[in-house]
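See structure below.
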Amino acid sequence: MLLNAFKNLKAEFKNDSKDGNWFSTLQLYILLKLDFIPVSEITQTEIHNTPCSYLVIKVAITEKALIPLNFYLKHADVLGLDVDLQTTAKARALLGKQRHKVKNTPAMDWRNISAFYQTLWETTSITHLALHLLIPTSAHTNLLRHICEEQIDGDTWTFPANTMKGRRDATEDFHTLLLL
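182 is the number of the first residue of the sequence shown in this note's numbering; add one for each residue after it.
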């Protein structure tokens, strides 16, 4: 039934979620323990006793595991099975307060960007050329890794919707001016 729930949802993901990000976290941290328990018998205590409970320090992993599990429970409810839709919320409460403190990744002060950008002209390494495109456009590195000549028209770079983050059919092409 979990695979059916995933098939229903994956049509909304880019590339039909072929990379498996949505499903893999659920498989790695939740299904190890809950795979043999009928969905109607899954409780917050069962979730708490999965490897997910050891990951309280990893907030992102815990959330990434509980979100698809919640979708799975909703799918079971739609099919008419007797499930508690509050199970994942109760499991979050059982897991307790997250001890993980989010630390900002050190970044360059915005006032120093201009001086740094000027130093990029001193050499023509591939890294410097990539930064020439990334800094003024604020593009993700994934867009640059998959850039095609057809995306550049004069001084305009068009990011195709299928290469950007966002849901399929909800993301539009984005055009940005190249300041080289």
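Ideal placement from N, C-alpha and C gives every residue a C-beta, glycine not left out.
- Annotated as distal: Phe297 and Ala320, with beta-carbon spacing of 9 Å or more.
- For the region 225-302, the continuous alpha helix (DSSP H) assignments of 4+ residues that do not extend past its boundaries occur at 225-229, 240-259, 268-276, 294-300, in sequence order.
- Take Leu190, set aside five residues on each side of it, and the residues of its chain with a beta-carbon closer than 7 Å to its own are Phe252, in chain order.
- One Cα belongs to Ala186, the other to Ile228, and the distance between them is close to 19 Å.
- Residue environment analysis places Val220 among the buried positions, since at least 16 neighbouring C-beta atoms fall within 10 angstroms of its C-beta.
- Ile316 has its alpha-carbon roughly 16 Å from the corresponding atom of Thr304.
- Collapsing the DSSP output to three states places His327 in coil.
- Closest in alpha carbon position to Asn343, among Asn285, Ile328, Lys284, His313, is Ile328.
- Burial state of Ile333 is exposed, judged by a 10 Å Cβ sphere holding fewer than 16 other Cβ atoms.
- Proximity to Leu209 across Leu250, Gln299, Lys188, Glu222 peaks at Leu250, based on C-alpha coordinates.
- Between the alpha carbons of Ser295 and Thr308 lies a distance of about 17 Å.
- In this structure, Thr268 places its C-beta atom within 9 Å of the C-beta atom of Ile223.
- Annotation: Thr318 is outside any beta strand (DSSP E); the continuous alpha helix (DSSP H) that includes it extends over 307-318.
- For Leu358, no alpha helix (DSSP H) segment is defined; the enclosing uninterrupted segment is the beta strand (DSSP E) at 355-358.
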